[in-house]
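For the sequence shown, the UniProt record's numbering assigns the number 1 to the initial residue and increments by one for each residue that follows.
All C-beta atoms, glycine included, are put in the ideal place defined by N, C-alpha and C.
Everything numeric in this text was worked out from a predicted model, so none of it was measured.
Report on the structure given below.
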Amino acid sequence: MHNCFSCPLFSFLQGRIPPSLGHSICTVNILALKFSGPDLKAILGVLSCFPCLEKLYVIWDIYLKAKMKNLHQYDPLNPVKCLESHLKVLVLKNYTGGEEEVGFAKFFVFNARVVKEINFAVCDRIAIDKNWMTDQLRLLQVEARASQDARLKFRSGYSHLQTNYVNSSDLSIADPFS
């Protein structure tokens with residue numbers, strides 16, 4: 001049994017991502033990450049290690065103390081493989097529709113070429129109505145999406161208190177985060 005604290009994935013969870021792990025992990029299809037806010041650079045660093053990732057959960061937790069910056073220019077000459085050919089589902093939990101979150105989501109709208117669903121689990125303090133939805137769709141610029149098959153779904157009532165922790169020894173569950 002190895003110590004999780006010496007594992008490179010532990011440093012991902014802490015927001016300190018090594019520039020390169022030196023290898024890819026092709027057997028991971030579903031991944032959940034928790035951050036204090038949108039951090040595209042960190043997400044892209046993680047995604048580059050998981051080229052066959054099909055489903056990504058990003059959970060924003062306002063109670064985490066790390067400061068995040070949503071600054072990253074995507075280099076099409078150095079693409080992230082899962083965005084080009086594998087990522088089919090993106091779930092953004094605790095979404096509020098703020099400027100940084102919209103910018104983060106818009107990156108995936110523009111660059112995830114085979115995504116089928118982008119699910120927004122909207123924070124329970126946000127009232128989703130027709131005006132809010134129209135504004136979000138305009139800000140996300142869905143007409144310019146990379147995958148014409150992509151469907152955006154907004155669901156209300158998500159609370160940061162609804163965090164599910166999965167026992168890593170029980171890997172029989174197909175999608176432990178849904």
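- Message: Which same chain residues end up closer than 6 Å to V89 when comparing Cβ atoms and leaving out the 5 residues on each side of it in sequence?
- Response: Only K55, E117 meet the Cβ criterion.
- C-alpha distance - S156 paired with Y57, whole-angstrom precision: In this model, S156 and Y57 are separated by some 16 Å (Cα to Cα).
- Confirm, please, whether the CB-CB distance from L152 to C139 is below 8 Å. One point to set straight first is that residue 139 is Leu, not Cys, in the sequence displayed. No; because the gap between Cβ atoms is not below 8 Å, this pair is not in contact.
- Query: Sorted by chain position, which residues of the same chain lie with C-beta nearer than 6 Å to V48's C-beta, five sequence neighbours on each side aside?
  - Reply: Reading the sequence as shown, one finds Ser at residue 48 and not Val. Taking C-beta separations shorter than 6 Å and ignoring five residues to either side along the sequence, the partners of S48 in its chain run V80, following chain order.
- K88 (DSSP reduced to helix, strand or coil): In this structure, K88 counts as coil in the three-state DSSP scheme.
- How close, in whole Å, do the beta carbons of L87 and L53 come, if the pair is a contact with beta carbons under 8 Å? Contact check for L87 and L53: beta-carbon distance about 6 Å, within the 8 Å limit, so the pair qualifies.
- Query: With DSSP run on the structure shown, which of helix, strand or coil describes C52?
  - Reply: DSSP places C52 in coil when its eight states are reduced to three.
- Item | Under the three-state DSSP convention, the category A32 falls into | Strand.
- Task: On a CA-only basis, which of F154, V114, F104, E99 is nearest K130? Give me that one, please.
- Result: Of all alpha-carbon atoms in F154, V114, F104, E99, the one lying nearest the alpha-carbon of K130 is that of F154.
- Query: CB residue 183 to CB N94, shorter than 8 Å?
  - Reply: Because the chain in this structure spans residues 1 to 178, residue 183 falls outside the shown range and cannot be described.
- Endpoints, the beta strand (DSSP E) within which A112 is located: The continuous stretches of beta strand (DSSP E) do not include A112, and DSSP gives it neither H nor E.
- Message: For V46 and V28, I'd like the C-alpha separation in whole angstroms.
- Response: Spanning the two alpha carbons is a distance of roughly 12 Å.
- State the CB to CB distance for the pair G37 and E100, rounded to an integer number of angstroms; the pair is presumed to be in contact (CB under 8 Å). Their Cβ separation, rounded to whole angstroms, is 6 Å, which keeps G37 and E100 in contact under 8 Å.
- Per DSSP, cross-strand counterpart(s) of A121: Answer is K93, R155, bridged to A121.
- Assign V142 to one of three DSSP states: helix, strand, or coil. In this structure, V142 counts as helix in the three-state DSSP scheme.
- Beta-carbon proximity list for Y158, same chain, < 7 Å, skipping 5 on both sides: Non-local beta-carbon contacts of Y158 in its own chain, meaning distances under 7 Å to residues more than five positions away in sequence, involve K93, N94, A121, V122, C123, D124 in chain order.
- Query: Taking L83 as the reference, which of D149, V115, A150 has the closest Cα?
  - Reply: For the residues D149, V115, A150, the minimum Cα distance to L83 belongs to V115.
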